[in-house]
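Protein chains in written order, with the working numbering: chain X, 487 to 901; chain R, 921 to 1370.
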């Protein structure tokens, strides 16, 4: 009926893992795991494909978030806490003395919106209208996962010391020390972030997306999406290329950014809006304006510029413009480049807005997404594809805390 | 056979491994009851020594089953605590509904021994009795005599189906629309270790937050459990079974005694018939009566959970009942005052019941008394703990603790438009439940840990 156009169903990506997982060591446990997978598969059908399910869920959750925000707004003490400067009315003859004024620090308030994905708490933050998150798990659970992730990453690095390994983390606002000043009542994961970064050994370089001030966070990360913005992605790109070229200068310096292209008709309500169903905050949608070399046919980065500039883009309220804008070629090859360097990126969705740009500095770039749950024979892949550089680049709650349990590094085989 | 098959599938859906335990329980209790009856027939006398030994063996076997799965780790941690040891626990998972179905099948064997019910010679019918899916997971604890005839000879009809469906819908609405929403408030203020929810900052909650949390918890546990009982009774009726009522508006009770005649009636009846009366009940000396009462309430507390807070909770009510019967006989006859007394008693009882440790009882009481400050409604709202839908759920819950629906349905019997409106309301409630379940993933069920 969907194919015939009689109804419209949509996969809303609301996948549930099996409720129980048994250790795969006995025949009984294997059978029980199959039963649990079957149950989860059945549930995933009706939670994702029943006609109208997704619209009902989205609209009702939006109404709920809206009502709640209005409810809190009505109790808000003050929406604007920026103090006006004081001026001295006395003057000396014809001379007017103008005193310098300093802006008082903004006092942020956060309204809890919900826990749409089960692992993050979403907060609407004002007076600067943006949405950010706190992890729902307690510290013990987070750290337990963190130690496992550290072991995996170090294992992968140690498996092949012939390649130059780099780490780049999409840092979150909660990983910064000032976070509790913005979202009062929540803790910062700065100690865990710092511990993770210090514990990774054997790399040629480590870096992270700068969100170390609120201004940097608002510049480098979307206001309504957990991904880096165009400026953030470019900033990450330059960090990465500078890090790599410091060791192997043949990959050249970063390609210059000409500016940002803004699509005025787009009201971006990104992942944070979508998952919390909070539609009140939105922002403009901008992408990088850069000139990159022509890549190999079939492995060329395409963007949706024409569609967006002509207004033929997806106009659904919570359309995922971040995901839709760029295609995702893999591998990406530049025959015109002669760096002698081939890159493997182990990534996630942060890769979508940076891989095509990073790849322009290499001869060939291969992408591996652990969330595909396909096994990667690490050393064999490196040998077969002439990999010289490896970049592990993921969002911090994934690489540090494995928060969605969807990017199993155990699938990267190093034995 | 069909009922048994679907009930086993229903149980296996949540517990594929422990279905074997359920089958074991059916078979072994079937054997015990049959052997007791066959022995009686052979010996030509009732309650002989052999029959008594079989009964004791059956009780021990059933209690051992529940003891191993539910109380092993509790016993280990208690011994560790008393003797300052660090004994390793087994971390045995608790099969869903084990407390309910074990007590249910024990009542059957005891009733066979007492000759209160005839033995069921068909193991499939006995299996259908034990694991009938409407009441399998969370009660009520159905006595065999209640449905013995219906197991074999029940007749479904449209009236029962319609009334059962309406009852089921009411139970679902209680659970999904009220209990689930107020549960969020209680859990987020008080914390919920099993659910991985940390308690809200006590200073931000303050007295306001603590009282809101405790009242919400009182509503949660009532609507959760009575809602499930309504669903069980409703579904049973749709299939031709007529289970007994398990709740009778307990929050309008005029005394603690009255409260326990209205709350979880099937459990209190079980303990009265199978523990209190065999111990002598109240037809003994006063010290012995006090002992009997405290034993029953200690066991009642322990049945609810493997934690000292539950034992304390049971003992709390045991003491209150003794004091009430001996000292407050006149007091509980004073109108309004008696209600306020009962409300106070069960509110503080729920504080003990809800606390995740003995220490947290003190924390909650301190919070309620204002030791952490008054708290701020704004902070609770900004923290997402108080939302409009939770307020609506709580207010509706508070209104419906009195027999509003019973009053309406009585009028509806004589006033057709009201009956129609009641049906429309049922359909609307069903749709709202569907929407709530679709949009939320929060569905704790308190009594599942039993």
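A virtual CB, placed ideally from N, CA and C, is assigned to each residue, including glycine.
Ordered along the chain, which non-local residues of its own chain (more than five positions away) have a Cβ less than 6 Å from that of residue 1086 (chain R)?
Residue numbering aside, residue 1086 (chain R) sits at position 166 when the second chain is read from its first letter. Once the five neighbours on either side are set aside, the close Cβ partners of residue 1086 (chain R) are 1346.
Alpha-carbon to alpha-carbon, residue 504 (chain X) and residue 894 (chain X)
Counted from its first residue, the first chain places residue 894 (chain X) at position 408. Counted from its first residue, the first chain places residue 504 (chain X) at position 18. Rounded to whole angstroms, the gap between the alpha carbons of residue 894 (chain X) and residue 504 (chain X) is 16 Å.
Less than 8 Å between CB atoms is the rule here; does residue 632 (chain X) satisfy it with respect to chain R?
By one-based count along the first chain, residue 632 (chain X) stands at place 146. Output row for residue 632 (chain X): interface = no.
Whole-angstrom distance between residue 626 (chain X) and residue 1214 (chain R), CA atom to CA atom
As a first step, residue 1214 (chain R) is located in the second chain; it is residue number 294 there, counting from the start. As a first step, residue 626 (chain X) is located in the first chain; it is residue number 140 there, counting from the start. Our two residues, residue 1214 (chain R) and residue 626 (chain X), have alpha carbons roughly 40 Å apart in a direct line.
Using 8 Å as the cut-off, can you tell me whether the stretch 1271-1278 of chain R makes contact with the stretch 512-519 of chain X, which would need three or more C-beta pairs spanning the two stretches below that distance?
No, because fewer than three Cβ pairs between the stretch 1271-1278 of chain R and the stretch 512-519 of chain X fall closer than 8 Å, the two stretches do not touch.
Out of R:1102, R:1177 and R:1174, state which residue places its alpha-carbon closest to the alpha-carbon of residue 1142 (chain R).
Reading the second chain from its first residue, position 222 is the one you call residue 1142 (chain R). Check the Cα spacing between residue 1142 (chain R) and each of R:1102, R:1177 and R:1174: the tightest is with R:1102.
Less than 8 Å between the beta carbons of residue 715 (chain X) and residue 636 (chain X), yes or no?
Residue numbering aside, residue 715 (chain X) sits at position 229 when the first chain is read from its first letter. Residue numbering aside, residue 636 (chain X) sits at position 150 when the first chain is read from its first letter. No.
N-terminal and C-terminal residue of the beta strand (DSSP E) that residue 800 (chain X) is part of
As a working note, residue 800 (chain X) is residue 314 in the first chain. Boundaries cannot be given for residue 800 (chain X), as no beta strand (DSSP E) includes it and DSSP labels it neither H nor E.
Environment of residue 1003 (chain R) [buried if 16+ CB atoms lie within 10 Å]:
The residue given as residue 1003 (chain R) occupies position 83 in the second chain. Flag for residue 1003 (chain R) reads exposed.
Distance, Cα to Cα, residue 1107 (chain R) vs residue 871 (chain X)?
Taking the second chain and counting its residues from 1, one reaches residue 1107 (chain R) at position 187. Taking the first chain and counting its residues from 1, one reaches residue 871 (chain X) at position 385. Going from the Cα of residue 1107 (chain R) to the Cα of residue 871 (chain X) covers about 53 Å.
Count the other C-beta atoms from every protein chain shown that fall within 10 angstroms of the C-beta of residue 856 (chain X), then say buried if there are 16 or more, exposed otherwise.
Against the first chain, residue 856 (chain X) aligns to sequence position 370. Residue 856 (chain X) counts as buried, since no fewer than 16 other beta carbons sit within 10 angstroms of its beta carbon.
What residues in the stretch 642-663 of chain X have a beta carbon less than 7 Å from any beta carbon of chain R?
Those would be none; no residue qualifies.
Contacts of residue 525 (chain X) in chain R (Cβ-Cβ under 8 Å)
Counted from its first residue, the first chain places residue 525 (chain X) at position 39. Going along chain R in sequence order, the residues near residue 525 (chain X) (Cβ under 8 Å) are 933.
Could one say the Cβ of residue 777 (chain X) lies closer than 8 Å to chain R's Cβ atoms, at least one of them?
Against the first chain, residue 777 (chain X) aligns to sequence position 291. By this cut-off, residue 777 (chain X) is not an interface position.
Exposed unless 16 or more other CB atoms sit within 10 angstroms - verdict on residue 1079 (chain R)
Indexing the second chain from 1 puts residue 1079 (chain R) at position 159. It is exposed - the Cβ of residue 1079 (chain R) has fewer than 16 other Cβ atoms within 10 Å.
By the three-class DSSP mapping on this structure, what secondary structure does residue 754 (chain X) have?
By one-based count along the first chain, residue 754 (chain X) stands at place 268. Three-state result, residue 754 (chain X): strand.
May I have the straight-line CA-CA distance separating residue 561 (chain X) from residue 598 (chain X), to the nearest angstrom?
Here residue 561 (chain X) refers to the residue found at position 75 of the first chain. Here residue 598 (chain X) refers to the residue found at position 112 of the first chain. Computed Cα separation, rounded: 14 Å.
In the DSSP output, which residue or residues are listed as bridge partners for residue 714 (chain X)?
For this step, residue 714 (chain X) is matched to residue 228 along the first chain. The partner list for residue 714 (chain X) (beta bridge, DSSP) reads X:707.
Give the secondary structure of residue 876 (chain X) by DSSP, where H, G and I count as helix, E and B as strand, and everything else as coil.
Here residue 876 (chain X) is taken as the residue at index 390 of the first chain, counted from 1. Correct three-state label for residue 876 (chain X): strand.
Report whether the distance from the Cβ of residue 1042 (chain R) to the nearest heavy atom of the ligand SAM is below 7 Å.
Of the ligands one can find in the structure shown there are none, so the ligand SAM has no counterpart to examine.
Pull out every residue of the stretch 867-898 of chain X whose Cβ sits closer than 9 Å to any Cβ of chain R, in chain order.
Residues of the stretch 867-898 of chain X whose Cβ lies closer than 9 Å to any Cβ of chain R: none.
Check whether the stretch 643-653 of chain X touches the stretch 925-934 of chain R, counting contact only when three or more Cβ pairs, one atom from each stretch, lie closer than 8 Å.
Counting Cβ pairs under 8 Å, fewer than three are found: no touch.
Which residues does DSSP list as the beta-bridge partners of residue 1112 (chain R)?
Within the second chain, the letter at position 192 stands for residue 1112 (chain R). For residue 1112 (chain R), which the question treats as bridged, DSSP gives the partners R:1117.
Quick one: what does DSSP say residue 1158 (chain R) is sitting in, helix, strand or coil?
The count along the second chain starts at 1 and reaches residue 1158 (chain R) at position 238. Taken through DSSP and simplified to helix, strand or coil, residue 1158 (chain R) comes out as helix.
Validate contact between the stretch 651-667 of chain X and the stretch 717-732 of chain X using beta carbons, cut 8 Å, 3 pairs
Touching, yes, given that three or more Cβ pairs across the two stretches are closer than 8 Å.
With a threshold of 8 Å between beta-carbons, can residue 530 (chain X) be considered close to chain R, or not?
Locating residue 530 (chain X) in the first chain gives position 44, counting from the first residue. No, its Cβ sits nowhere closer than 8 Å to a Cβ of chain R.
State the beta-bridge partners of residue 774 (chain X) as determined by DSSP.
Residue 774 (chain X) sits at position 288 when you count from the first residue of the first chain. In DSSP, residue 774 (chain X) forms a bridge with X:746.
Can you find the residues in the same chain that come closer than 6 Å, C-beta to C-beta, to residue 749 (chain X), ignoring five residues on each side of it along the sequence?
Position 263 of the first chain, counted from the first residue, corresponds to residue 749 (chain X). Excluding sequence neighbours, residue 749 (chain X) sits near 771 and 794.
Cβ contact check for the stretch 1168-1185 of chain R and the stretch 1001-1018 of chain R: 3 or more pairs under 8 Å:
Counting Cβ pairs under 8 Å, fewer than three are found: no touch.
Looking at chain R, is there any beta carbon in it that lies within less than 8 Å of the beta carbon of residue 548 (chain X)?
Locating residue 548 (chain X) in the first chain gives position 62, where the first residue counts as 1. With 8 Å as the cut-off, residue 548 (chain X) does not count as an interface residue toward chain R.
Using the rule of at least 16 other Cβ atoms within 10 Å of the residue's Cβ for burial, across every protein chain shown, is residue 934 (chain X) buried or exposed?
One cannot answer for residue 934 (chain X) here, as it falls past the ends of chain X, which runs 487 to 901.
Would you call the stretch 824-833 of chain X and the stretch 795-810 of chain X in contact, with 3 or more CB pairs under 8 Å?
Contact annotation: the stretch 824-833 of chain X does not touch the stretch 795-810 of chain X, with fewer than three C-beta pairs closer than 8 Å.
Beta-carbon separation of residue 668 (chain X) and residue 611 (chain X) under 8 Å?
Sequence index remark: in the first chain, residue 668 (chain X) carries index 182 (1-based). Sequence index remark: in the first chain, residue 611 (chain X) carries index 125 (1-based). Less than 8 Å separates the beta-carbon of residue 668 (chain X) from that of residue 611 (chain X).
Any beta-carbon of chain X closer than 8 Å to the one on residue 939 (chain R)?
Locating residue 939 (chain R) in the second chain gives position 19, counting from the first residue. Under the Cβ criterion of 8 Å, residue 939 (chain R) is not counted among the residues facing chain X.
Return helix, strand or coil for residue 1299 (chain R), following the three-state DSSP convention.
Your numbering for residue 1299 (chain R) matches position 379 in the second chain. Residue state, collapsed to three classes: helix.
To the nearest angstrom, how far is it from the Cα of residue 1025 (chain R) to the Cα of residue 1056 (chain R)?
As a position in the second chain, residue 1025 (chain R) is number 105, starting the count at 1. As a position in the second chain, residue 1056 (chain R) is number 136, starting the count at 1. As the crow flies, the alpha-carbon of residue 1025 (chain R) is around 11 Å from that of residue 1056 (chain R).
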